[in-house]
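In terms of the numbering used here, the sequence shown opens at residue 11 and continues consecutively. Just so you know, even glycine gets a beta-carbon here, dropped at the ideal spot from N, CA and C.
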Amino acid sequence: MPKLIMMPPQNTQSQTWAEHIQNNLPSYTVILPKTDEEVNAHLPDADAVYGWVSPEQLPLAKNLRWLQSPAAGPAAGFYYPELIEHPVVVCNPRGIYNDHIAQHILMFVLALARGLPYYMEAQRECIWDNKARKSGYIDLAHATALIVGVGGIGHETARLCAEFGMKVVGVDARWEYDVPFVEMHEPAELDTLLPLADFVIVTTPHTPETEGMWHKDRFALMKKTAYFINIGRGKTTKLADLIEALEQGVIAGCGLDVFEVEPLPTESPLWKMPNVLLTPHIAVKDAENISERHFEVFFENARRFAEGEPLQNVVNKAMWY
C-alpha cells in the first residue's frame with residue numbers, strides 16, 4: 011500500500027484532491043500534514059510526495075520513489091544536488107498550460123506586428139493619428155518566428171504561428187513532439203538563426219544553462235525590425251541588456267510576461283517605452299480548467315505508481331525540467 015504525503019500548506023483543494031485519490035485508489039494512504047514536524051514523522055515510510063522535500067528532509071525519506079512537483083518550472087533551488095543524485099523519480103505538470111500561454115504569445119505577436127502599442131498611446135492621448143505607428147508593419151504570412159523551447163507551450167505556439175502562414179524555426183535541446191510544421195535545430199545553432207527571425211519567442215525554463223542566455227550579444231544578432239517575446243522564465247533574460255537594446259534601436263520592441271525581478275520595479279524604463287507590451291506574469295492566471303488539468307496529471311501518475319506503470323512527465327533532474 012503506497013503512502014503519499016501531500017506537503018503543507020494545506021487548503022480546500024488539497025483536501026479535495028486527497029479524498030479523490032483515497033476514494034478512487036483505495037490502496038493509498040494519503041497524509042496531509044500541517045507542520046514540518048508532522049512531515050518529518052511520516053517521511054521515513056513515505057513512498058511518494060506531492061510538493062517539495064527540502065535538503066534537510068531528504069535524508070529522512072528512506073523509501074521515497076516518486077516526487078510530484080506542483081510546478082512545471084519551480085523556483086531555483088527545487089532541484090538541489092542531493093535531490094538530483096537521489097534515485098527518486100520526479101514528475102511535473104507540464105502540458106497543462108499549452109493552449110492558454112500560446113494564445114497569450116499570439117496576442118503579443120499580433121499586437122506588435124500591427125503596431126498596436128503606438129495606437130494605444132494615441133488613444134490614451136485622445137489623438138486621431140493614422141501615422142502613430144513608429145515601426146514597420148509585419149505581414150505574418152511572410153514572417154519568420156524563431157521559437158526557443160519547443161516543448162508543450164512552444165509546440166502549440168508553433169502550430170498557431172504556422173496557421174497564420176508564418177515560417178516557424180525551432181530550437182530545443184530535447185525534442186519530444188512531432189512538429190512537421192517546424193524547421194528543427196539544436197541549441198548550438200541559435201546564434202546563426204537569430205538574424206533570420208522577425209519574432210524571437212522564448213518559452214524555455216530557467217535552468218543553469220538558460221540563466222541569462224538573452225544578453226546584449228544575442229540582441230545584437232537580431233534584425234533591427236525584430237521583436238523579442240519572453241513568456242518562459244524571467245531569469246533567462248538580462249533586462250538591463252534588453253532595455254539598452256530597445257533604447258538604442260537594436261531591436262524593434264518586445265512583449266514580456268516574465269521578468270528577471272518580479273514585480274518589475276516601478277523605476278524600470280520598460281513601463282513607459284512605447285514599443286513594449288508588459289503583462290505581470292498572468293498568462294495562465296484565471297484560465298479555466300487549470301486546476302482540473304493539474305489534478306488529472308497528478309491522479310494519473312498516482313494510478314500508474316500504484317500499478318507499477320511508467321510515470322508521465324518525468325523530469326531530467328540535472329536539467330531541472
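With a 10 Å radius around its C-beta and 16 neighbouring C-beta atoms as the bar for buried, classify residue i as buried or exposed.
i: HIS114; result: buried
i: GLY265; result: buried
i: TRP281; result: exposed
i: THR276; result: exposed
i: TYR133; result: The sequence shown places Gln at residue 133, rather than the Tyr named in the question. So GLN133 ends up on the exposed side.
i: HIS152; result: exposed
i: CYS136; result: exposed
i: ASP227; result: exposed
i: GLY222; result: exposed
i: ASN102; result: buried
i: ALA330; result: In the sequence as displayed, the identity of residue 330 is Trp instead of Ala. Buried, because 16 or more other Cβ atoms sit within 10 Å of the Cβ of TRP330.
i: ARG104; result: buried
i: VAL119; result: buried
i: SER301; result: exposed
i: ILE261; result: buried
i: ASP267; result: buried
i: GLN25; result: exposed
i: ALA155; result: buried
i: VAL324; result: exposed
i: ILE148; result: buried
i: VAL271; result: exposed
Below 8 Å on the Cβ atoms is my contact criterion, and I expect residue i with residue j to pass it. Report the Cβ-Cβ distance as a whole number of Å.
i: LYS327; j: VAL100; result: 6 Å
i: GLN377; j: GLU310; result: In the structure as shown, the chain begins at 11 and stops at 331. Residue 377 is therefore absent and cannot be evaluated.
i: PRO284; j: TYR128; result: 6 Å
i: ILE31; j: ALA312; result: 6 Å
i: LEU204; j: LEU231; result: 4 Å
i: GLY175; j: THR213; result: Not confirmed; about 21 Å, so no contact.
i: PRO218; j: GLY242; result: Wrong, their Cβ atoms sit about 15 Å apart, outside the cutoff.
i: THR167; j: ILE106; result: Not quite, the Cβ-Cβ distance comes to about 15 Å (not below 8 Å), so this is no contact.
i: ASN73; j: ILE163; result: Contact flag wrong, Cβ pair sits at about 34 Å.
i: THR235; j: GLY161; result: Contact doesn't hold; Cβ gap of about 28 Å is too wide.
i: VAL189; j: HIS165; result: 6 Å
i: LEU77; j: VAL59; result: 5 Å
i: ALA255; j: HIS110; result: ALA255 to HIS110, Cβ: 28 Å. No contact.
Where do the N-terminal and C-terminal ends of the beta strand (DSSP E) with residue i fall, by residue?
i: CYS264; result: 263-266
i: TYR187; result: From DSSP, TYR187 is part of no beta strand (DSSP E); its letter is neither H nor E.
i: GLU193; result: 193-195
i: ASN240; result: 237-240
Identify every residue that forms a DSSP beta bridge with residue i.
i: ILE157; result: GLY180, ILE211
i: CYS101; result: GLN78, VAL324
i: GLU310; result: In the DSSP output, where bridge partners are listed per residue, GLU310 has none listed.
i: LYS13; result: THR39
i: THR247; result: TRP224
i: VAL286; result: CYS264
I need the boundaries of the alpha helix (DSSP H) containing residue i, first residue and last residue.
i: ALA58; result: No alpha helix (DSSP H) holds ALA58; the beta strand (DSSP E) holding it covers 58-60.
i: LEU70; result: Counting along the chain, LEU70 falls outside any alpha helix (DSSP H), and DSSP gives it neither H nor E.
i: TYR129; result: 126-134
i: ILE148; result: Looking at the DSSP string, ILE148 is not in any alpha helix (DSSP H), and its letter there is neither H nor E.
i: PRO9; result: Lying before the first or after the last residue shown, residue 9 is absent from the chain, which here runs from 11 to 331.
i: SER24; result: 22-34
i: PHE118; result: 108-123
i: GLY164; result: 162-173
i: HIS52; result: 46-52
i: LEU200; result: 200-203
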